[in-house]
Every structure is written in C-alpha cells, then in structure tokens.
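Pasting the structure below:
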C-alpha cells in the first residue's frame, strides 16, 4: 500500500456510515433547499449540568422560599400568627440548607444563590432581634454582603467582554432598579446603609428575583405536558430501535401513537429525523410519518362514512306520525298555522 494513501485517509470527511471518518468532526444532517438535500455539519452536543435533580426539586425550593407571591412593600418580619411564622422560618431554613448543598455541587444558578443569601440574611436578622446574640453592625454587614454579591454577580454575567459598560447601563438593559446599584456601591465603598434601609432593599430584591427568575419556572401543568411529549418521543424511539423481524411491532406502535394528537406525533418524528444520525433512521422516520398520516386519514374517513350511513338508514326508515293529543287544537281538525302561509295549488288547468 502506498504511504501517501495512508496519510490521506484521515483527511477524508465523514460521509454517513463511511469507513473513512474523522472522529473530531461533528455528524452530518440533511437540509432541504429548493427540492434538493445537502449535508451540513451539525454542532456538537453540549451537556448542561445542574445542581438540582429535577424540576420537582426546584419547585419545592421555590415553595419554601416564597410561600406566596412576594411583594416589595410587605415585610417578611412581624407576622401576626406565631405558628405560621415558625413554619415559614423552618421552610426557609431548609431551602437555604438545600441551596448550600447545591453550591457545593457547583453549576448552581446565581439567582438561586442570591435568593438563599438574602433569605439567610433575613433569618439572621430575626435571630439577632429575638436572641440578642448579634450586634446591629454584624446584621448590617450580612445584609450588605448578600446584596452586593447579588447585584455584582448579576451585572457581571451580562457584561460584554469586548466593550465594557457601566453597571447602570447594564441594570437599565435588564430592568434592574438603579437604587440596587446605588446600595451596592454604598455597601462596598462607603459607610454601610442603615438597618431599616437594608431590610427594605432585601425584601425588594427578593420580589425582583421572583419576577425575573422564579415566576418563569414551569408549573405542574406544563411539566405534565412535557412528560407527555417525552412519552411520545420514547414510543417513537422504541420503534426506531427495534428490528424488522417482529411483525406485530408496527401495529403496536401505531396503536400507541393514537394517544397523542397527530400534529404532536408528526412534530416529534420530524425532530428525531433531523437530530438522529444515519440514513436508515431517516428513512424509517419518513415512512413512519407517512403511515401515521394515512392511518389518521383512514380513521377520519371511516368515521365520516359511518355517520353518513347512519343518516341514510334514518332517512330510509318510515317516519312515524304522532297522533295529536286529545283536547288540543290539532285533535279538533283546526289549528293556527305557524310561520308564513304559502298557498298550494290543487291542480293545473
């Protein structure tokens, strides 16, 4: 074998399931344009790691932090019901502890960490007020540290590396109040703000974080819809992974796909067709989508023909004339005509 051919082989691009492939190149996908199909490179998969196990755990922490939708004007301290206040403090302490565990795992959202830090500062303020174990200066420092970390981390995440912007410009762009930047600057470079001001700003910050982050978290209804979409996707993947030796696999799959609307099934098949590599998978998805459309069309036609057949049978059936009840106008032979009167000729002369 010529050595030049051996050196040339690794330079060949990956074409489908070809033997000569370069593993460093991403897989191909088909793009339709003008009736033709072209092969283009698909970007590599990027895995995103989270500290929490799933949406249910995130919703649990949200319920523990925010018992109800927060308001910047309603302070957290001074609740009337002591039992309710104790229960709420216990829930918030558990949420702070859980977020602390998430921070140890890394890859935790800055908004989640800021919520935990501000809540921990409020809980520390309550402990210092009740037990007199903390000085006022220490509580002010705790508030200032939590608030400064919240504002600085949020604005640095939106900073443009090539063109630096001021904190006020970034805050205006994302909708952060300018007073937050002022309190952050005062807490960092000047004398610490008063305790009353820090308490008020902490409550306003938690309310802003709710509107900016926590409120956008999907509820249970949308999560159920997402799970239904995942079940539809799993059913289609199970069909694509199976072999052709089982003759009953296709009817079972078609019966199972009837659980979801046809548009959702076709959309899921199209997504898998564009994302999964291989020509065989592409052809299977194309054939499955055609079979789904034909099956749904046959069902609709069968339902329409059954309805028309029943209507024809009802039309051919003799119409039973209802005898007028005794004592009514029809029983006497004369009755008031309903609607406009139309003359009927007896015959033609």
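Residue numbers (this note's numbering): 493 to 841.
The beta carbon of each residue, even a glycine, is placed where N, CA and C say it ideally should be.
- Three or more beta-carbon pairs separated by less than 8 Å link the segment 746 to 760 to the segment 780 to 789, which places the two stretches in contact.
- With a minimum length of 4 residues, the unbroken runs of alpha helix (DSSP H) contained wholly in the segment 586 to 661 fall at 602 to 623 and 628 to 649.
- In the three-state scheme derived from DSSP, where H, G and I count as helix and E and B as strand, residue 793 is classed as helix.
- Here residue 553 is near residue 590, since their CB atoms are less than 9 Å apart.
- Within the model, the alpha-carbon separation for residue 551 versus residue 604 is close to 12 Å.
- Bounds of the alpha helix (DSSP H) holding residue 704 are 687 to 704.
- Going by beta carbons, residue 629 and residue 709 fall outside the 9 Å limit.
- DSSP places residue 753 outside both helix and strand once states are collapsed to three, so it counts as coil.
- The three-state reading of DSSP puts residue 710 in coil, since its state is none of H, G, I, E or B.
- C-alpha of residue 682 to C-alpha of residue 695: approximately 22 Å in a straight line.
- Between residue 595 and residue 639, the C-beta gap is not smaller than 9 Å, which leaves the two residues out of contact.
- Around the C-beta of residue 656, fewer than 16 other C-beta atoms lie within 10 Å, and the residue is accordingly described as exposed.
- Within the same chain, and ignoring the five residues on either side of residue 762 in sequence, the residues whose Cβ sits closer than 8 Å to its Cβ are 777 and 781.
- Minimum Cα-Cα distance from residue 579 among the listed residues 729, 599 and 557 corresponds to 557.
- DSSP places residue 672 inside the alpha helix (DSSP H), whose first and last residues are 670 to 681.
- Per DSSP, residue 557 is one residue of the alpha helix (DSSP H) stretching across 547 to 557.
- Here the C-alpha atom of residue 680 lies approximately 20 Å from the C-alpha atom of residue 664.
- By the criterion of at least three beta-carbon pairs nearer than 8 Å, the segment 607 to 614 is not in contact with the segment 659 to 676.
- Here residue 767 is exposed, its C-beta having fewer than 16 other C-beta atoms within 10 Å.
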